[in-house]
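Protein chains in written order, with the working numbering: chain A, 484 to 707; chain U, 92 to 170; chain H, 30 to 93. Idealized CB from N, CA, C, for every residue including glycine. Note that this is a predicted model, so its numbers are computed, not measured. Taking it in order: structure first as structure tokens, then the write-up.
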């Protein structure tokens, strides 16, 4: 598979829904990717709660032709969601909009069918999950995701996919770097003292779930 | 495997998963894909009921145990 | 599977586990009591009645 051509705009599109605890965390972590993109002078467009509709997102993609799309939120095997209950991409309706692009979907299990379908007969790349992307939160900090060191173990490696891509790495390298971070965090957990972190085995299970579940389909040499 | 044996096995798996969940401190909540966020008590209830979340938790835990017993986890950590 | 074979299988798996997993991970419930890998190891190594029950349960659950 060849590297993606430079025909598309080097623009990062991010969706940041915020309608439950889970999406609140995902959006906070997506904001860290936003900050990184700003540091690197990367052109970006963030869709925030209330604006993440199929209409708005599709219009933007047709107009601005972004190369990299970072979807946060929920989904299922055949679709990705934006605002609550609003399907923004589906196999049935508009998956063709994503041809030749790089998509990272931090969502349920779009890796089962959606991701595979998205890259069929084009140069695109999909990184996502074939199992539900999951993470533990410390309720003592859930009002302030920034302070939640537990959630960080799961969400920082996930952010690494997009951060690696905007730094110029290939999709394959981005996937690998993200997985390495997960492995490093698993090793970190194994070194923790039980008295300090009694939930650690539970964390390990979920990190393993995300590690095994993270998949890449399509053009692994794709770059942003 | 006949149904009775299968049911007994499933009950024993549930029992193990519940024991593993019981040691989680109560201040942690789990966000599971698009299914929502669940407290420890809610996860325990789901496993007991055998609903979609409960089944997902059982699958996650048994996959983890398999990774331990097959050596796959250690192999991955040592790479 | 023979009892001795199950023991060997258990010891092989146990020897490859990180310390934290051995000490904290609950791997079996016997008569409503949970046991970690370490406690299971102790019982199995000492050929106790509980050790045998643990091995049988691990086999039933396809963990061994």
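Residue i, buried or exposed, once every other Cβ within 10 Å from all chains shown has been counted against 16
i             : result
residue 487/A : Because residue 487/A sits at a pLDDT of 49, beneath the cut-off of 50, its placement in the model cannot be relied upon, and the following sentence gives the value as read from the coordinates. So residue 487/A counts as buried.
residue 694/A : buried
residue 93/U  : exposed
residue 77/H  : exposed
residue 603/A : exposed
residue 517/A : buried
residue 626/A : exposed
residue 152/U : buried
residue 485/A : Only weak support exists for where residue 485/A lies, its pLDDT of 48 falling under 50; the coordinates are left without a value.
residue 168/U : exposed
residue 623/A : exposed
residue 702/A : buried
residue 37/H  : exposed
residue 526/A : exposed
residue 523/A : exposed
residue 576/A : exposed
residue 113/U : exposed
residue 558/A : buried
residue 140/U : exposed
residue 53/H  : buried
Same chain, Cβ closer than 7 Å to residue i, five either side skipped, listed in chain order
i             : result
residue 102/U : none
residue 72/H  : 79, 80 and 83
residue 601/A : 578, 581, 586, 607 and 609
residue 617/A : 689, 692 and 693
residue 638/A : 508, 512 and 618
residue 157/U : none
residue 613/A : 592, 594, 595, 696 and 698
residue 539/A : 530
Span of the alpha helix (DSSP H) around residue i
i             : result
residue 68/H  : 66-74
residue 139/U : 131-140
residue 96/U  : 94-113
residue 640/A : 632-649
residue 685/A : 683-696
residue 673/A : 654-673
residue 161/U : 143-161
residue 553/A : Not the alpha helix (DSSP H): residue 553/A falls in the beta strand (DSSP E), residues 549-555.
residue 44/H  : 32-44
residue 48/H  : 48-53
residue 597/A : 597-601
Contacts around residue i, its chain only, beta-carbon distance under 6 Å, and the 5 residues preceding and following it disregarded
i             : result
residue 145/U : 137 and 138
residue 665/A : 640, 690 and 694
residue 566/A : 500 and 535
residue 660/A : 643 and 647
Proximity winner among the options, relative to residue i (alpha-carbon distances)
i             : options                       : result
residue 41/H  : 89/H, 74/H, 90/H and 78/H     : 74/H
residue 654/A : 587/A, 667/A, 661/A and 705/A : 705/A
residue 514/A : 596/A, 568/A and 628/A        : 628/A
residue 123/U : 674/A, 630/A, 696/A and 540/A : 696/A
residue 563/A : 657/A, 507/A, 679/A and 593/A : 593/A
residue 128/U : 141/U, 164/U, 148/U and 154/U : 148/U
residue 544/A : 493/A, 556/A and 613/A        : 493/A
residue 546/A : 519/A, 522/A and 496/A        : 496/A
residue 684/A : 58/H, 85/H, 46/H and 33/H     : 46/H
residue 117/U : 142/U, 134/U and 104/U        : 134/U
residue 498/A : 559/A, 533/A and 657/A        : 533/A
residue 159/U : 700/A, 687/A and 707/A        : 687/A
Any non-hydrogen atom of the ligand ZN within 6 Å of residue i CB
i             : result
residue 624/A : No copy of the ligand ZN appears in this structure; indeed no ligand is present at all.
Other residues of its chain near residue i: CB distance less than 8 Å, five sequence neighbours each side excluded
i             : result
residue 51/H  : 43, 65, 66, 67 and 70
residue 682/A : 619 and 633
residue 621/A : 631, 632, 633 and 634
residue 56/H  : 64, 65, 66, 69, 87 and 92
residue 39/H  : 69, 70, 73, 84, 87 and 93
residue 98/U  : none
residue 104/U : 149 and 153
residue 32/H  : 81 and 84
residue 109/U : 135, 138 and 139
Element boundaries [beta strand (DSSP E), containing residue i]
i             : result
residue 528/A : 526-531
residue 498/A : 492-499
residue 512/A : No beta strand (DSSP E) contains residue 512/A, which is instead part of the alpha helix (DSSP H) from 504-522.
residue 588/A : 585-589
residue 83/H  : Run containing residue 83/H: none in the beta strand (DSSP E); it sits in the alpha helix (DSSP H), 78-89.
residue 120/U : 119-123
residue 607/A : Premise fails: residue 607/A is in no beta strand (DSSP E) and is neither H nor E.
residue 625/A : That residue, residue 625/A, is in no beta strand (DSSP E); it is neither H nor E in DSSP.
residue 571/A : 570-573
Supposed contact pair residue j and residue i - C-beta distance, whole angstroms, cut 8 Å
i             : j             : result
residue 500/A : residue 126/U : With 8 Å as the limit, residue 500/A and residue 126/U do not qualify as a contact, their Cβ atoms being about 15 Å apart.
residue 90/H  : residue 164/U : Contact flag wrong, Cβ pair sits at about 18 Å.
residue 598/A : residue 672/A : The pair is not a contact, with the Cβ atoms about 28 Å apart (cut-off 8 Å).
residue 709/A : residue 590/A : No information on residue 709/A is available, as it lies outside the stretch 484 to 707 that chain A covers here.
residue 649/A : residue 520/A : 6 Å
residue 504/A : residue 131/U : Actually they are not in contact, since the Cβ atoms of residue 504/A and residue 131/U sit about 15 Å apart, beyond 8 Å.
residue 549/A : residue 531/A : In fact, because the Cβ distance is near 16 Å, the residues do not count as touching under 8 Å.
Closer than 7 Å at the beta carbon, the chain C residues around residue i
i             : result
residue 682/A : Absent from the structure is chain C; the protein chains it does hold are A, U and H.
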